[in-house]
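Going by the working numbering, the sequence shown opens with residue 1, and the numbers climb by one from there. Each residue gets a CB set at the ideal place from its N, CA and C atoms; glycine is no exception. These numbers come from a predicted model, not from an experiment. Since the structure comes first, as structure tokens, the remarks are kept for the end.
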Amino acid sequence: MRSSTLNARNNLSVACLNGGLVLAAIVGAAGQSWPAFLAAFAAGGDIRFRPGRR
Numbered sequence: 001m002r003s004s005t006l007n008a009r010n011n012l013s014v015a016c017l018n019g020g021l022v023l024a025a026i027v028g029a030a031g032q033s034w035p036a037f038l039a040a041f042a043a044g045g046d047i048r049f050r051p052g053r054r
């Protein structure tokens with residue numbers, strides 16, 4: 001997708017997702033563990049187990 005076609009909310013969502021991935025990757029690499037990566041990603045709220053309210 002082109003960034004020019006994304007609105008501000010989508011751009012912010014993409015930025016938050018990328019930041020969460022980077023942070024989770026750092027935690028996972030420090031622990032040398034995939035479960036640590038997934039736990040950090042889920043704890044950051046980037047993996048949504050249930051749809052949020054609108």
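Contact check for Ala40 against Leu17 fails: the beta carbons are separated by 8 Å or more.
In the three-state reduction of the DSSP assignment, Leu21 falls in the helix class. Here the alpha carbon of Val14 sits roughly 13 Å from the alpha carbon of Thr5.
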